[in-house]
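Trainee:
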Amino acid sequence: MSKKVLSYDQTTLTGHISVPGDKSISHRAVMFGSLAKGKTTIKHFLEGEDCLSTIAAFQAMGVAIERSGQTVKIESNGVDGLKEPSQPINLGNSGTTARLLMGILSGLPFHFTLFGDDSLSKRPMDRITIPLRKMGAKIDGREEGRLLPISLRGGNLQPIHYHTPVKSAQVKSGVILAGLMTEGTTVVQEDTKTRDHTENMLKAFGADLTIDGNTVKIKGNQPLQACDIEVPGDISSAAFFLVAAAITPNSHITIENVGLNPTRTGIIDVLKLMDADISVVTKRTIGGEPIGDITVRTSAPKAVTIEGDIIPRIIDEIPIIALLASQAEGTTIIKDAEELRYKETDRIKSVVNTLKQLGVQIEATQDGMIIQGGNTLHGASTQSYGDHRIGMMVAIASLLTKESIELHDDQCIAISYPNFFADLQSLLSNA
Ligand code: S3P
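Take the sequence shown: its letter number 21 is residue 24 in the numbering used here, and every next letter is one higher.
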């Protein structure tokens with residue numbers, strides 16, 4: 004297992020960077036490009052391991068996909084051209100590949116076996132297998148289909164009206180995609196709006212779907228039309244540097260061409276609520292996704308209570324928000340975030356344990372955490388627990404410590420941000 008010793012003499016961040024392509028959008032672009040007949044080109048694709056798992060899955064079904072760096076070219080014969088894979092499909096660490104792919108595979112008259120790494124094999128899949136079974140997919144797996152490995156035989160589905168009990172864009176998207184493969188109209192309803200990249204991109208690929216508040220209706224068996232996709236920068240990756248600039252002295256950075264989809268911009272709202280010096284300029288909209296630049300300068304953050312409908316809009320940013328809160332004035336409370344327990348790690352546990360090791364006064368609650376502000380962080384030997392967002396949180400924390408921090412298992416950062424340390428270094432070396 005790799006280890007990194009993090010030690011920075013100079014901690015002021017300045018300059019402009021752009022972050023890698025959005026992970027959620029990169030996955031969907033490969034999936035929909037593979038379902039659409041014709042040629043799809045994806046630019047600024049995230050070369051992270053999770054998205055590469057999605058490419059490999061569709062290659063295993065016979066789709067011609069070529070990648071050269073951040074450009075992906077797909078040439079597909081559409082849904083009818085997909086083939087039964089001869090081997091089990093390895094999903095790696097990717098929950099998004101698992102849940103969305105199961106939706107698509109449920110519509111295909113083939114047999115599939117899906118497996119993942121240790122972390123993914125612990126994450127709940129019943130949230131997606133339950134609605135897919137209701138639609139008629141034949142699914143089995145460990146703990147009766149709750150855990151990977153899972154085997155699935157699809158085809159001949161019935162449309163459903165599904166009111167999803169979990170606040171999960173992966174579940175919503177998996178059911179929408181199964182609906183796309185099913186004769187009739189499938190309806191998915193959620194209580195709190197989650198990220199809507201599936202809906203936006205299906206429209207860009209020519210699909211007819213209607214969105215009414217938190218309800219999506221999709222007509223099945225519609226052919227998708229190939230199109231070109233430019234992936235915006237991932238706001239979940241940008242978040243690490245936005246927070247870093249807010250809490251390190253004399254910093255002033257701009258992150259360019261970041262996706263500003265309102266279902267994802269909770270981190271901007273939280274930074275504003277905490278009195279950060281942040282400004283946002285929206286420049287253009289591509290494929291229904293707004294893109295713009297975010298500028299942050301050092302400020303003195305104030306504590307806040309974070310709860311309710313904002314949680315799905317910051318679900319991947321909570322680890323770095325916890326670090327931000329550790330430097331704020333006052334006590335920050337995060338509630339309604341039990342979903343964190345089902346991520347790459349139990350992120351309530353892993354954030355609390357790691358920040359405690361670094362000297363933060365923080366305690367876990369069932370659905371969140373309570374973080375005291377004004378902490379002086381110190382060195383420690385930490386681990387990522389194989390979770391990319393914990394690894395990046397530790398790296399940003401190391402900007403605040405005099406002593407070095409050891410980070411074990413740092414290579415998982417490549418899951419969503421292969422050039423993370425190079426981008427950090429470039430912002431540090433401008434000062
Ligand atoms: C994602 C949805 C979220 C998020 C994940 C990506 C997606 O998961 O945490 O990183 O691309 O739809 P949930 O749907 O489980 O909340």
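Every residue, glycine too, gets a C-beta built ideally from N, C-alpha and C.
1. Would you tell me roughly how many angstroms separate the C-alpha atoms of Lys125 and Ile238, rounded to the nearest one?
2. Buried or exposed: where does Ser5 fall if 16 or more other Cβ atoms within 10 Å of its Cβ makes it buried?
3. Who are the Cβ neighbours of Arg130 in its own chain at under 7 Å, not counting the five residues just before and after it?
4. His341 to Arg350, Cα distance in whole Å?
5. Can you determine whether any heavy atom of the ligand S3P sits closer than 7 Å to the C-beta of Gly291, and answer yes or no?
6. Evaluate contact between the stretch 265-282 and the stretch 290-303, counting only Cβ atoms and requiring at least three cross-stretch pairs below 8 Å.
7. Between the stretch 21-34 and the stretch 404-415, can you find at least three pairs of beta-carbon atoms closer than 8 Å?
8. With respect to 7 Å, is the separation between the Cβ of Ile256 and the closest non-hydrogen atom of the ligand SAM below this value?
9. Pro421 and Gly51 - do their beta-carbons sit closer together than 8 Å?
10. Quick check for students: name the residue ranges of the beta strand (DSSP E) that lie wholly in the stretch 307-339, counting only runs of 3 or more.
11. Give the straight-line distance between the Cα atoms of Ile142 and Lys286, rounded to the nearest whole angstrom.
12. With DSSP collapsed to three states, give me the class of Asp199.
13. Under a Cβ-count criterion, where at least 16 other Cβ atoms within 10 Å of its own Cβ denotes burial, should Val8 be classed as buried or exposed?
14. Along the chain, where does the beta strand (DSSP E) that runs through Pro152 open and close?
15. What's the call for Thr99, buried or exposed, on a 16-neighbour Cβ count within 10 Å?
16. Restricting to Cα atoms, I'd like to know which of Thr201, Ala210 and Val191 is closest to Gly216.
17. Is it buried or exposed for Asp194, if we count other Cβ within 10 angstroms and need 16 for buried?
18. Look at the Cβ atom of Glu310, then the Cβ atom of Gly262, and state whether they are nearer than 8 Å.
19. To which residues of the same chain is Ala331 closer than 7 Å at the C-beta, ignoring the five residues directly before and after it?
20. Gln161: buried (16+ other C-beta within 10 angstroms of its C-beta) or exposed?
21. Take the Cβ of Glu147 as the centre, count every other Cβ of all protein chains shown within 10 Å, and call the residue buried at 16 or more, exposed below.
22. If you scan the stretch 338-403 from start to end, which runs of the beta strand (DSSP E) of 3 or more residues do you find wholly inside it?
23. Taking the straight line between their C-alpha atoms, what separation do you get for Ile45 and Ser37?
24. Using a Cβ-Cβ cut-off of 6 Å (strictly less than) and excluding sequence neighbours within five positions of Lys76, which residues of its own chain qualify?
25. Since Gly371 contacts Asp339 with CB under 8 Å, what's their CB separation in whole angstroms?
26. Identify whether Arg130 lies in helix, strand or coil by the three-state DSSP scheme.
27. Determine whether the Cβ of Leu227 lies closer than 8 Å to any Cβ atom of chain D.
28. Work out the CA separation of Ser432 and Lys220 for me, nearest whole Å.
29. When the distance is taken between beta carbons, is Ser387 closer than 8 Å to Ile393?
30. Heavy atom of the ligand S3P less than 7 Å from the Cβ of Asp319, yes or no?
31. Applying the 10 Å Cβ sphere with the 16-neighbour rule, what's the burial state of Pro265?
32. Give me the Cβ distance between Lys42 and Met64, rounded to the nearest whole Å; I'm assuming they're in contact under 8 Å.
33. Is the stretch 238-248 touching the stretch 203-218 in the sense that three or more CB pairs, one from each, lie closer than 8 Å?
34. Taking 7 Å as the cut-off, is the C-beta of Arg350 nearer than that to any heavy atom in the ligand S3P?
Mentor: Taking the geometry as given:
1. In the sequence shown, counting from the first residue as 1, residue 125 sits at position 122. In the sequence shown, counting from the first residue as 1, residue 238 sits at position 235. Taking the straight line joining both Cα atoms gives about 27 Å.
2. As a working note, residue 5 is residue 2 in the sequence shown. With fewer than 16 other Cβ atoms within 10 Å, it is exposed.
3. Numbered from its first residue, the sequence shown carries residue 130 at position 127. Val169, Ser171 and Val174, listed in sequence order.
4. Position 338 of the sequence shown, counted from the start, is the residue given in the question as residue 341. Position 347 of the sequence shown, counted from the start, is the residue given in the question as residue 350. Sequence check: residue 341 is Glu here, not His. Counting only the Cα atoms, Arg350 lies some 9 Å from Glu341.
5. Residue 291 sits at position 288 when you count from the first residue of the sequence shown. Flag unset: Cβ of Gly291 not near the ligand S3P.
6. Between the stretch 265-282 and the stretch 290-303 there are three or more C-beta pairs closer than 8 Å, enough to call the two in contact.
7. As far as the Cβ criterion goes, the stretch 404-415 does not touch the stretch 21-34, which means the pair count is below three.
8. For the structure depicted, the ligand SAM is absent and the ligand set comprises only the ligand S3P.
9. In the sequence shown, counting from the first residue as 1, residue 51 sits at position 48. In the sequence shown, counting from the first residue as 1, residue 421 sits at position 418. Yes. Within cutoff.
10. Scanning the stretch 307-339 from its first residue to its last, the whole beta strand (DSSP E) runs of 3-plus residues come out as 334-337.
11. Position 139 of the sequence shown, counted from the start, is the residue given in the question as residue 142. Position 283 of the sequence shown, counted from the start, is the residue given in the question as residue 286. Cα to Cα, Ile142 sits roughly 45 Å from Lys286.
12. Along the sequence shown, one-based indexing puts residue 199 at 196. DSSP, read as helix, strand or coil, puts Asp199 in coil.
13. Position 5 of the sequence shown, counting from 1, holds the residue named residue 8. Residue burial annotation: Val8 is exposed, with fewer than 16 other C-beta atoms found within 10 angstroms of its C-beta.
14. Within the sequence shown, residue 152 is the residue found at index 149, counting from 1. Element bounds for Pro152: Leu150 to Arg156.
15. Numbered from its first residue, the sequence shown carries residue 99 at position 96. The residue is buried, with at least 16 neighbouring Cβ atoms inside 10 Å.
16. The residue you call residue 216 lines up with position 213 of the sequence shown. The residue with the shortest Cα to Cα distance from Gly216 is Val191.
17. Counted from its first residue, the sequence shown places residue 194 at position 191. Sixteen is the threshold: since fewer than 16 other Cβ atoms of the shown chains lie within 10 Å of the Cβ of Asp194, the residue is exposed.
18. Sequence index remark: in the sequence shown, residue 310 carries index 307 (1-based). Sequence index remark: in the sequence shown, residue 262 carries index 259 (1-based). It is not a contact, given that the beta carbons lie outside the stated cut-off.
19. Translated into positions along the sequence shown, residue 331 becomes position 328. So the qualifying residues of the chain are Met277, Pro304, Lys305, Ala306 and Gly376.
20. Locating residue 161 in the sequence shown gives position 158, counting from the first residue. When all chains shown are included, Gln161 counts as exposed.
21. Along the sequence shown, read from residue 1 onward, the residue named residue 147 stands at position 144. Answer is exposed; the Cβ neighbour count stays below 16.
22. Segments of the beta strand (DSSP E) lying fully in the stretch 338-403: 365-368, 371-375 and 384-386.
23. Within the sequence shown, the letter at position 42 stands for residue 45. Within the sequence shown, the letter at position 34 stands for residue 37. If you take the alpha carbons of Ile45 and Ser37, they lie about 12 Å apart.
24. Residue numbering aside, residue 76 sits at position 73 when the sequence shown is read from its first letter. Around Lys76, the same chain offers Thr44 and Glu69 as residues with beta carbons nearer than 6 Å, after the five sequence neighbours per side are excluded.
25. Taking the sequence shown and counting its residues from 1, one reaches residue 371 at position 368. Taking the sequence shown and counting its residues from 1, one reaches residue 339 at position 336. Sure, about 7 Å apart at Cβ, within 8 Å.
26. The residue given as residue 130 occupies position 127 in the sequence shown. For Arg130, the secondary structure class from DSSP, reduced to helix, strand or coil, is helix.
27. Among the protein chains of the structure shown there is no chain D, as only one such chain exists.
28. Locating residue 220 in the sequence shown gives position 217, where the first residue counts as 1. Locating residue 432 in the sequence shown gives position 429, where the first residue counts as 1. Rounded to whole angstroms, Lys220 to Ser432 spans 50 Å at the Cα level.
29. Numbered from its first residue, the sequence shown carries residue 393 at position 390. Numbered from its first residue, the sequence shown carries residue 387 at position 384. Taking 8 Å as the cut-off, the Cβ atoms of Ile393 and Ser387 count as close.
30. Taking the first residue of the sequence shown as position 1, residue 319 is located at position 316. Under cutoff, so the answer is yes.
31. On the sequence shown, position 262 is the one that residue 265 refers to. Exposed, because fewer than 16 other Cβ atoms sit within 10 Å of the Cβ of Pro265.
32. Along the sequence shown, one-based indexing puts residue 42 at 39. Along the sequence shown, one-based indexing puts residue 64 at 61. Not really, about 17 Å apart at Cβ, beyond 8 Å.
33. With the cut-off at 8 Å, the stretch 203-218 and the stretch 238-248 do not touch.
34. Translated into positions along the sequence shown, residue 350 becomes position 347. Checking the Cβ of Arg350 against the ligand S3P gives no.
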